[in-house]
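Start counting the sequence shown at 21; every next residue gets the next number (the numbering used here). Cβ coordinates follow ideal geometry from the N, Cα and C atoms, glycine included. Quick notes on the structure that follows.
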Amino acid sequence: MARTIDPVRHAAKRLEILEAANRCFCRSGLRSISVSEICAEAGIGPGHLYHYFDCKDDIIEELAKSRLDTSRDALDSALARGSPAIEILVDEVTALAAGNRATTAALLFDVLADSARNESTARIVRECHAGMADSLCAVVRQGQVDGEVDRCLDPRQAASMLISLVDSAQSLALRDPGMDRQQALQMFDRVIRSFLAPGGSSATTRQEDLPNHFVPAPCSQG
């Protein structure tokens, strides 16, 4: 007779395991942690874990997707409320950058470094980047329609640049741990607004100031 699975209890246990795995990864890195260490942190046996996840990479992927879903939900809810696009982008990107504890930053760069060597991690990184870029891109486009965001910006490239800014902001926790966090976020806020604002540097850069190899795309403010 097949074992009946309670979906609520199953989901709750998966969440417990994911939280335990995240603590392990933040504490000791991505690849140095074994399944047995995750099981010890979660208080379960290895055989029990495989009822919920196929392997460690499955856990890593689920953690990444969970964070992506949280950000997507926040963006979608703000758009549905009719919030100004530039405020949505500033709030969401700044919120992502605010998670700049040294342990979180170290894990981020551990994942990015591992993606250069491990194809499964690279796939997860690319998929999550694409998913987040899609969501941010939709907000950028809406802002351009409403006249809040510079229409000279390519929405997809702008979204990718915003994600890269988040990564850069998180590196401050490692590069300059003594930096005032609140002041750093205020400066980050200014950088994002300057980048997105109509009539910003993307719209006013002179041709003679550009590198010889750079050919700007046609830009219409209409």
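Take the Cβ of residue i as the centre, count every other Cβ of all protein chains shown within 10 Å, and call the residue buried at 16 or more, exposed below.
| i | result |
| --- | --- |
| E39 | exposed |
| I25 | exposed |
| V165 | exposed |
| E112 | buried |
| R194 | At residue 194 the sequence reads Leu, which differs from the Arg that was named. Classification for L194: exposed. |
| A32 | exposed |
For residue i, which option in the options has the closest C-alpha, if you only look at C-alpha atoms?
| i | options | result |
| --- | --- | --- |
| V186 | N138, L69, F129 | F129 |
| C75 | G63, A125, R51, M207 | R51 |
| R213 | Y70, D96, T114, I79 | T114 |
| D93 | V159, S180, L192 | V159 |
| M207 | P218, L194, G219, S188 | S188 |
| V145 | I37, G163, S184, C59 | S184 |
| L35 | F73, S180, D196, Q203 | F73 |
| P27 | A60, H71, V55 | H71 |
Return the CA-CA distance between residue i and residue j, expressed in angstroms with no decimal places.
| i | j | result |
| --- | --- | --- |
| G167 | C148 | 28 angstroms |
| I58 | A41 | 5 angstroms |
| A142 | A136 | 7 angstroms |
| S221 | R29 | Because S221 sits at a pLDDT of 49, beneath the cut-off of 50, its placement in the model cannot be relied upon, and the point is left open. |
| G198 | A204 | 11 angstroms |
| A60 | D77 | 18 angstroms |
Beta carbon of residue i, beta carbon of residue j: below 9 angstroms?
| i | j | result |
| --- | --- | --- |
| L216 | Q162 | no |
| L132 | F45 | no |
| I37 | A62 | yes |
| R201 | A118 | yes |
| L95 | I108 | yes |
| R47 | T123 | yes |
Could you check if residue i belongs to the surroundings of the ligand MN, using beta carbon to heavy atom distance under 8 angstroms?
| i | result |
| --- | --- |
| A126 | You won't find the ligand MN in this model; it holds no ligand whatsoever. |
Decide if the region 85 to 99 is in contact with the region 170 to 182; the criterion is three or more beta carbon pairs, one per stretch, under 8 angstroms apart. For the pair of segments examined, the region 85 to 99 was found not to touch the region 170 to 182: the number of CB pairs separated by less than 8 angstroms stays below three.
Can we say the region 149 to 159 touches the region 174 to 183, given the rule of at least three CB pairs closer than 8 angstroms? Judged by Cβ distances under 8 angstroms, the region 149 to 159 makes contact with the region 174 to 183, as three or more pairs qualify.
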